[in-house]
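Undergrad: When we follow the working numbering, the leftmost residue of the sequence shown carries the number 23, and every step to the right adds one. C-beta: ideal position from N, C-alpha, C; glycine also. Before anything else, here's the structure in question.
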Amino acid sequence: MPNLLRRTVLCATVAATLVAAPLVSVSTAVADPAGAGLVIAEAYLKGGSANQPFTNKFVEIANPTDTAVAVDGWSIQYRAAANTGTPSVGKLAGTVPAHGSYLVQMGSNGTNGQALPTPDAVTGLNPSGSTGTLVLSDQAAALALPVGSVTTGTPGVVDLLGYGTSNTFETAVAPTGTANSVPDALHRDGTVDTDSNAADFALGSTVTPENSGGSGTTPTDPGTPTDPGTPTDPGTPTTPAEAVTIAQLQGTGPASPYVGKRVVTEGVVTAVYAAGGLNGYTIQTAGTGGAVDLATHTASDAVFVFSAATAGSVAIGDAVRLTGTVAEYNGLTELEVGSTADVEELPAAGVVQPVPATLTLPRTDAQRESLESMLIAPQGDYTVADNYTTNQYGEIALAAGTKRLIQPTEVARPGSAEAAAVAADNAARTVVLDDGASTNFLSAANQSVPVSWLTQGPVTVGAAATFSEPVVLDYRNDTWKFQPTSPITGATPAADLPASFSQVRTAAPENVGGDLKLAGFNVLNYFPTTGDQLTGCTYYTDRDGDPVTVRGGCDARGAANADDLERQQVKIVKAINALGADVVSLEEIENSARFGKDRDAAVGTLVSALNAATGQDTWAYVPSPAVLPASEDVIRLALIYKQDRVAPVGESTILDDPAFVNARQPVADAFRPVGGDADDDFLVIANHFKSKGSGSGADADQGDGQGASNASRVAQATALAAFSTTEQEKYGTDRVFMLGDFNAYSEEDPMVVLRDAGYTDLGPAKDPTEYSYVFSGLSGSLDHVLASPAALEAVTGVDIWNINSTESVGLEYSRYDYNVTDLYRDDVYRASDHDPILVGFDLAEDETPTPGDGGTPGNGGTPGGPGHGGDHPGKPGKPGHGGDHPGKPGHGDGKPGKPGHGDGKPGGPGHGGFVADVVRVVLGVFGWLRGLFG
23 MPNLLRRTVL CATVAATLVA APLVSVSTAV ADPAGAGLVI AEAYLKGGSA
73 NQPFTNKFVE IANPTDTAVA VDGWSIQYRA AANTGTPSVG KLAGTVPAHG
123 SYLVQMGSNG TNGQALPTPD AVTGLNPSGS TGTLVLSDQA AALALPVGSV
173 TTGTPGVVDL LGYGTSNTFE TAVAPTGTAN SVPDALHRDG TVDTDSNAAD
223 FALGSTVTPE NSGGSGTTPT DPGTPTDPGT PTDPGTPTTP AEAVTIAQLQ
273 GTGPASPYVG KRVVTEGVVT AVYAAGGLNG YTIQTAGTGG AVDLATHTAS
323 DAVFVFSAAT AGSVAIGDAV RLTGTVAEYN GLTELEVGST ADVEELPAAG
373 VVQPVPATLT LPRTDAQRES LESMLIAPQG DYTVADNYTT NQYGEIALAA
423 GTKRLIQPTE VARPGSAEAA AVAADNAART VVLDDGASTN FLSAANQSVP
473 VSWLTQGPVT VGAAATFSEP VVLDYRNDTW KFQPTSPITG ATPAADLPAS
523 FSQVRTAAPE NVGGDLKLAG FNVLNYFPTT GDQLTGCTYY TDRDGDPVTV
573 RGGCDARGAA NADDLERQQV KIVKAINALG ADVVSLEEIE NSARFGKDRD
623 AAVGTLVSAL NAATGQDTWA YVPSPAVLPA SEDVIRLALI YKQDRVAPVG
673 ESTILDDPAF VNARQPVADA FRPVGGDADD DFLVIANHFK SKGSGSGADA
723 DQGDGQGASN ASRVAQATAL AAFSTTEQEK YGTDRVFMLG DFNAYSEEDP
773 MVVLRDAGYT DLGPAKDPTE YSYVFSGLSG SLDHVLASPA ALEAVTGVDI
823 WNINSTESVG LEYSRYDYNV TDLYRDDVYR ASDHDPILVG FDLAEDETPT
873 PGDGGTPGNG GTPGGPGHGG DHPGKPGKPG HGGDHPGKPG HGDGKPGKPG
923 HGDGKPGGPG HGGFVADVVR VVLGVFGWLR GLFG
């Protein structure tokens, strides 16, 4: 039975899995002219096409050395010629013998040709016969390949072959492939690798696959094809099909004992996938299912029938007798049925319909294997764990139980037995709810098809999933899945979906109490300098081809144009204003100095938008200090605050330390509540450590779960702790909050450094059931607020407000108009990819700041809180010169008004009538003059 349709499907669905996979950034490759390492020796890319000698495509790897080379954990990767995304990955295992070969079987274009020698690895990759890029990698993770020449020294790339018109190659591309009907392959000249595909490879008409056992096949020259004339009836096959039950066909192990054999079996159709790309249906033995005892139920009573030719001729409930060939396809047992002649409909009378098995999700692969392709009525609780690929492939990762899947290093030390136990529990609780199809809703062919699940309503991580209809337990893309019994799309009525999801969104964060509140917020590359203002920018585009967000080619990282910026900005503004915080640290905001503007231009633009939304001058930003680092990233950190609640104490400070050469330098400033004194001061330090995505040498991924650049983040944490001590002495306060994106989960080394320095991570300590980030279906916190002992005493509450990481990426401003279902809304949800953290804390002696009558700065050395003459803040006093320490603000006649008591929120500006207002103005001006002239 031809597998062409299925192979095409696999490439798409494997790509879905790779979207969330950790990436290794690469830019160079390894030349090996001495022949001291593995190389791609032959690439046959037309298997199955007319006149071809072999059914399947292959890559042959050669080992020119005197030592066998293990390839466990290695991969062959393929990326289409014009693609710039991550490649598809085919995993390898085993050994390439010394001076031997290793055969990697790939997909097929049809049924022509003979079988390959026994392959050493079987992958679902299906490369183009004429143009593309193949990579031999010493890791299983998808590479982030550059465009252009990949040269000497690349981590992760052992050998690379770019051919035809591919955009990625070694020095120059190898020849373009001929027509698929012309038998040939790309051959390396011996095993020498000169780092030039054009020099190393040539097309040859001889195709010579060889495996690690030395077995090869020289195919018979098909010669010039002749007209076969009118075909004759082949008659009855010489070997009749063996009659088996479905349970016998399935067997009790991971693979069927009947693979490659022709069998006949009977069952009842329980699911049909005639459309959507799965091209088949499932049958189950009549009368099976129900209360299954996994202790005795060791073989499945159902099987997937791969048959595009017959899927449209059967219906759920039909009793059928099928004749076909048993196959294992990437872990799924299948019966391949060639034509309607192999399908016999049986009388319905007396057939007992199978019923769904009623049980909770089995925790082991062996138990799940015994239920493969059977109808299931899922019992117990299920929680949404991931929705990252929902907008593209209509699939949702679920966790059995009421808790999400957790990053092991969020709750356990890297490499520990406890971390391994968390990983094992994640695997035992994971299942993917699919849509009965392999549709890519972001492809040009399918963008007009409404995306599954999200069209019917939000699907939020942490929501409970409730099943109202049975599903089929399926295995695809190395993952156990629940498939509906027929394909669904966004056009499917919600009432007809097999599952629904609880509403877990909140319109505001939880009440954290406290006299003051502070928060950290990642603003997702907020760049008022849009791509269209620069030259060289490339873009991600929507389904109409309109630019949406910058892809590369310039320093901008955000919106493509003003319309896109407005969509981004409205979400961020609504989210920050809804936080209720008095001080907010911002990460991933444009460093406008990189574009020849005032460094604070971008944060000023955001503050103006925040104030426009509140209708008054609510917010201000802390200006950049006079002393700046000599070198800064294109994104930076910033601090903003509510003017009627707090004011900065002196100039901010940026930590210019070599540890932050690959990250954003922390910025610090102390704040004083309006009307408070030095005893109320608190220090805020904003942070954005190096990311996990890349690193080499000491920063290479150590495989312990902490990702790349952990050494850099440890050095940054060490420098931050020392900086905090210095700033405490400078500002005269030991109440410190260090917050931001630390790019480290709560039990990873950088957080332990800060914990050992005496700081408390408030998320795990005060809000341990919520997390700020979701990656690859696992929840954890990369964003933290750390409190010094003195600050910790004042903390009244903490809330990680899950408005971003738990929402589908399809809701982002930058994913606008990618599918006919417009998922964008001008609300707070998916304003960023990280969730904000809100902390409440009390002041000393119950001194609560209130917008009032305007305290004026005294003649000391510290700018005071903004005075108020009516609705406009007064100007701060200049620093005094009375010694090395800043003086306290004066408290003459401009004390703040009392707090309001409506709903526990601070009152508005106090007023005592017209005369009092005039007095306040005069006193405010007087205080300002005192600040100017001492």
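(1) Which same chain residues, not among the five before or five after Ala194, have their C-beta less than 7 Å away from its C-beta?
(2) Below 8 Å on the Cβ atoms is my guess for Asp721 versus Ser734; work out the distance and round it to an integer in Å.
(3) What's the gap between the Cα of Val126 and the Cα of Ser746?
(4) Excluding the 5 residues flanking Ala741 on each side, which residues of the same chain have their C-beta closer than 8 Å to its C-beta?
(5) Using a Cβ-Cβ cutoff of less than 6 Å, which residues in the same chain neighbour Asp249 once the five nearest sequence positions on both sides are dropped?
(6) In terms of alpha-carbon separation, which member of Asp586, Leu540 and Thr563 lies closest to Thr552?
(7) Start and end of the alpha helix (DSSP H) containing Gly698?
(8) For Pro811, count the other beta carbons within 10 Å of its own beta carbon; 16 or more makes it buried, fewer makes it exposed. Which is it?
(9) Does the separation of the CB atoms of Tyr117 and Ala92 fall below 9 Å?
(10) Quick check: what's the CA-CA separation for Ala407 versus Ile598?
(11) Of the residues Thr571, Thr563 and Arg565, which one's Cα is nearest the Cα of Gln555?
(12) Do the CB positions of Leu540 and Phe759 come within less than 9 Å of each other?
(13) Could you give the DSSP three-state label for Arg686: helix, strand or coil?
(14) List the endpoints of the continuous beta strand (DSSP E) containing Met760.
(15) DSSP on Val774, reduced to helix/strand/coil?
(16) How far does the alpha helix (DSSP H) with Lys752 in it extend, from its first residue to its last?
(17) Measure the alpha-carbon distance for Val179 versus Ala517 and round it to whole angstroms.
(18) Between the Cα of Ala196 and those of Pro75, Gln525, Ala669 and Thr155, spot the shortest distance and give me the residue it belongs to.
(19) At which residues does the beta strand (DSSP E) containing Gly289 begin and terminate?
(20) Specify, as a first and last residue, the run of the alpha helix (DSSP H) that Val970 falls within.
(21) Using CA coordinates, which residue listed in Thr310, Ser827 and Gln270 is at the minimum distance from Leu800?
(22) What ranges does the beta strand (DSSP E) occupy inside the segment 364–434, keeping only unbroken runs of at least 3 residues that lie completely in it?
(23) Is it a yes or a no for the segment 763–773 touching the segment 829–840, going by three-plus beta-carbon pairs under 8 Å?
(24) Can you give me the Cβ contacts of Val796 inside the same chain, cut-off strictly under 7 Å, excluding the 5 residues immediately before and after it?
(25) Leaving aside the five residues before and after Pro400 along the sequence, list all residues of the same chain whose C-beta is less than 6 Å from its C-beta, in chain order.
(26) Can you tell me whether Ala120 is helix, strand or coil according to DSSP?
(27) How long is the line joining the alpha carbons of Leu427 and Ala449, rounded to whole angstroms?
(28) Is it buried or exposed, Arg847, if we count other Cβ atoms within 10 angstroms and call 16 or more buried?
(29) Given a threshold of 16 other Cβ atoms within 10 Å of its Cβ, counted over all protein chains shown, does Thr878 qualify as buried or as exposed?
(30) Determine the direct distance from the alpha carbon of Tyr562 to that of Val458, and round the result to whole angstroms.
(31) Just confirm the distance between the C-beta atoms of Ser794 and Asp783, as a whole number of angstroms; I'd bet it's less than 8 Å.
(32) Between Leu354 and Tyr497, which are expected to be in contact by the criterion C-beta below 8 Å, what is the C-beta distance as a whole number of angstroms?
(33) Go through its chain and collect everything with a Cβ distance to Gly309's Cβ below 7 Å, but skip five positions before and after it.
(34) Going by DSSP, what residues sit across from Trp96 in a beta bridge?
(35) Apart from the five residues on each side of it in sequence, which residues of its chain come closer than 6 Å, Cβ to Cβ, to Asp243?
(36) In angstroms with no decimal places, state the Cα-to-Cα distance between Thr133 and Pro205.
TA: Working from what's here:
(1) Closer than 7 Å at the Cβ level, and outside the excluded window around Ala194, lie Ser218, Asn219 and Ala220.
(2) 5 Å
(3) 55 Å
(4) Cβ-Cβ distances below 8 Å link Ala741 to Leu677, Asp679, Ala681 and Phe682 in the same chain, with the five nearest sequence neighbours on each side left out; the list follows chain order.
(5) Bear in mind that a pLDDT of 41 at Asp249, under 50, signals an unreliable position, so the model cannot answer this.
(6) Checked all of Asp586, Leu540 and Thr563; the closest Cα to Thr552 is Asp586.
(7) Neither: Gly698 is in no alpha helix (DSSP H) and is coded neither H nor E.
(8) Residue environment for Pro811: exposed (fewer than 16 other C-beta atoms within 10 angstroms of its C-beta).
(9) In the sequence under discussion, the amino acid at residue 117 is Thr, which differs from the Tyr named in the question. By the CB criterion at 9 Å, Thr117 and Ala92 fall inside the cutoff.
(10) Approximately 26 Å between the Cα atoms of the pair.
(11) Thr571
(12) yes
(13) strand
(14) Where Met760 is concerned, the enclosing beta strand (DSSP E) starts and stops at Val758 to Asp763.
(15) helix
(16) For Lys752, the enclosing alpha helix (DSSP H) stretches over residues Asn732 to Tyr753.
(17) 49 Å
(18) Thr155
(19) Segment Arg284 to Tyr295, the beta strand (DSSP E) holding Gly289.
(20) Any answer about residue 970 is impossible in this case: the structure gives the chain only from 23 up to 956.
(21) Comparing Cα positions, the closest option is Ser827.
(22) 365–367, 379–381, 397–400, 404–408 and 418–422
(23) no
(24) Asp408, Val483, Ser827 and Thr828
(25) Phe489
(26) coil
(27) Going by the C-alpha atoms only, they are around 9 Å apart.
(28) exposed
(29) Confidence is the limiting factor: at Thr878 the pLDDT is only 32, short of 50, which leaves the residue's position unreliable, though a coordinate-based value still follows. Classification for Thr878: buried.
(30) It should be noted that the sequence gives Gly, not Val, for residue 458. Whole-angstrom Cα-Cα distance: 29 Å.
(31) Not quite, the Cβ-Cβ distance comes to about 12 Å (not below 8 Å), so this is no contact.
(32) 5 Å
(33) Val374 and Pro376
(34) Answer by DSSP bridge pairing: none, since Trp96 is not bridged.
(35) With a pLDDT of only 39 at Asp243, under the threshold of 50, the placement of this residue in the model should not be trusted, and no figure is reported.
(36) 15 Å
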